[in-house]
Ligand code: NAD
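In our numbering, the protein residues as written are 1 to 486.
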C-alpha cells in the first residue's frame, strides 16, 4: 500500500492530465533513499486507445502545420529546457540515482536533440533532378508517417525520450510516449515544457505503464512506427512483433562494451577514462565500458592504478555534488548485480576490488561500490552478459590482434574504445572491430544528436538508427514525382 502523500501519476492525453482506467500501480522509488516518490499507473489498452486516438486526430492538423512554424516551437522548447536545466537534472538524479554531473550531461544531451530537431526546415527538404530525360524531371518530397509510439528505458529518462519525440514531432508526426515505469517523473515535466512552448494538444501524449501499454502500441493499427530503447530480449520482441504488425521499427538494445588498452597509451588518461566509463552512472549506461582488454606489458600497472583510482570514488546520494557513484535503480537489480560478483568468484576470476565492502547493507538505498575482476576470459558469464552495474572485467592479452579477436566474439556491439598513441593501431581497430560506435582515447563515444546512434549485432534491431539523418529517414516517408513538362 502506498502512503497517502505520494502522488499518483496521470497520463497526458490530448493536452489533459487524465487518470488511467487501470487500478494497477507500481511505486516509483528514489534509489538513493528507498523512499516512495510517486505511484505510477500500469495503464491498459483502453488508455492506449485514448492516446492513439488523440494523436491520430492531432496528426490531421499537425502534419499540415508549416515546417518553420513547427521548428519555432522547438526553438521555444530549447529555451525552456535551458531555463529549467537544474530542475530537470535534479529530477533525473532523484528518480534514477545518477550523480548531478551525469544528470547535467544527460540534460545537455537531450537539449542537443531538441536543437537538431529545430533544423526541421532543412531536414525535411526533398530533392529534384530536372533532366532525368528530355523534358522530364524527377523530384522527391518528404512527409511524416503518422502516429509514432516511443518506449524508453530507466537509465536515461531525458536523453532517450529526446532521441525520439522532438525529431518525430518536428518532422510532422504525432507521438505517444511510454516512459520507463521506474523513471516516469521527468517525462511529465518534459511534456509540460513542450506544451508551454506552444505544442498543440494531442501532438505529444504520455501513457504510463509497462508491457500492456507496449503491447497496445505494438498492436494498434493507427500506430505507424515504433521507436524502442531497452534491454536485448525486449528489443528483439519489439522488433519482431512490430514488424509482424506491419510497422516501421527501430529497437536499440543491450550492450557489453569493450575497451582496449595498449602499452603505448597515456596510462593515466586511460585509467581516468575507464573509471568514468565503467563506474559513472553506476555502470548503467548502454555505452559503459564493462570489459577491458589490456596488453600484458602494462597490465599490472593498469590494474594497480585503476584500483587506486577506484578507491578514491565517493559513493552516495547523487544530489551531493561530491558524489561520483550513485545507487543502481532498484533493490532487485542490486541483488542481480551482486549475484554476478558471486558468479565471477565462482568462475575463478580474480576479484581485485570488491565493491560490496564499500557499503553498509543496513543503510537505505541500492548502493554498490566499484568492483574490478582481473584475469577474466570470454567463457565466463561476467565477460558475456550485460551486468549493468559498477562491475568491470579485465582480460589480459598479448597484443592488439588478440584484443580485437576477443572483442569481436561478443554478441553485443554498441561501443568499443581503444587507448593508444599509435595511428597504425587505431587504423587496424577502426577497420576490424565489429561495433558501431568507436572511441579513440575517448571514454564514452556516444555520438551527438546529428549522427546516428549506431549499435551493431544484438545491440540494435532495425535498419535506421536513432538520431541524425537516420532519424529523419525513420520518421518520414517519401513521394517520388516523375513529370514530363511539354
Ligand atoms: P527494459 O528492457 O527492462 O525496459 C525498457 C522498456 O521496455 C520499458 O519502458 C519497459 O516498460 C518495457 N518492457 C520491459 N519488459 C517488457 C516486456 N516484457 N514486454 C514489453 N515491454 C517491456 O530496459 P531497462 O532495464 O529499462 O533499461 C536498461 C536496458 O536498456 C539495458 O539493457 C541497456 O543496455 C539498454 N539501453 C540501450 C541503449 C542503446 O542505445 N542501445 C540505450 C539505453 C539503454
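The beta-carbon is built from N, C-alpha and C at its ideal position, and this holds for glycine as well. All of these numbers come straight from a predicted model, not from anything done at the bench.
Cβ atoms of residue 29 and residue 36 come within 8 angstroms of each other, at about 6 angstroms. By the neighbour-count criterion, in which a residue is buried when 16 or more other Cβ atoms sit within 10 angstroms of its Cβ, residue 129 is exposed. The alpha helix (DSSP H) runs of length 4 or more contained entirely in the segment 123 to 208 are, from start to end of the chain, 159 to 170 and 185 to 196.
Its Cα nearest to that of residue 407, the residue 289 stands out among 289, 149 and 5. Looking from the CA of residue 478, the closest CA among 388, 162 and 146 belongs to 146. According to DSSP, residue pairing for residue 227 in a beta bridge involves 150 and 250. In the assembly as shown, residue 163 is a buried residue. Its beta-carbon has 16 or more other beta-carbons within 10 Å.
Across the structure, residue 235 and residue 411 are spaced so that their CA atoms are roughly 14 angstroms apart. Taking every protein chain shown into account, the CB of residue 82 has fewer than 16 other CB atoms within 10 angstroms, so this residue is exposed. With a threshold of 16 other beta carbon atoms within 10 Å, residue 335 falls short and is exposed. Approximately 43 angstroms separates the beta-carbon atoms of residue 402 and residue 181; this is outside 8 angstroms, ruling out the contact. In the same chain as residue 247, and ignoring 5 residues on each side of it, the C-beta atoms closer than 8 angstroms to its own belong to 218, 223, 224, 225 and 226, in chain order. Here the segment 275 to 285 makes contact with the segment 308 to 317; the two share three or more CB pairs at distances below 8 angstroms. Distance from the CA atom of residue 261 to the CA atom of residue 220, rounded to whole angstroms, is 48 angstroms.
Relative to the non-hydrogen atoms of the ligand NAD, the Cβ of residue 445 never comes closer than 7 angstroms to any of them. Taking all protein chains in view, the Cβ of residue 230 is crowded by 16 or more other Cβ atoms within 10 Å, so the residue is classified as buried.
When C-alpha distances from residue 171 are compared across 486, 386, 482 and 469, the shortest belongs to 469. Under a 10 Å Cβ-count criterion, residue 321 is classified as exposed, with fewer than 16 other Cβ atoms of the shown protein chains found around its own Cβ. Of all C-beta pairs linking the segment 88 to 97 to the segment 177 to 196, three or more are shorter than 8 angstroms, placing the two stretches in contact.
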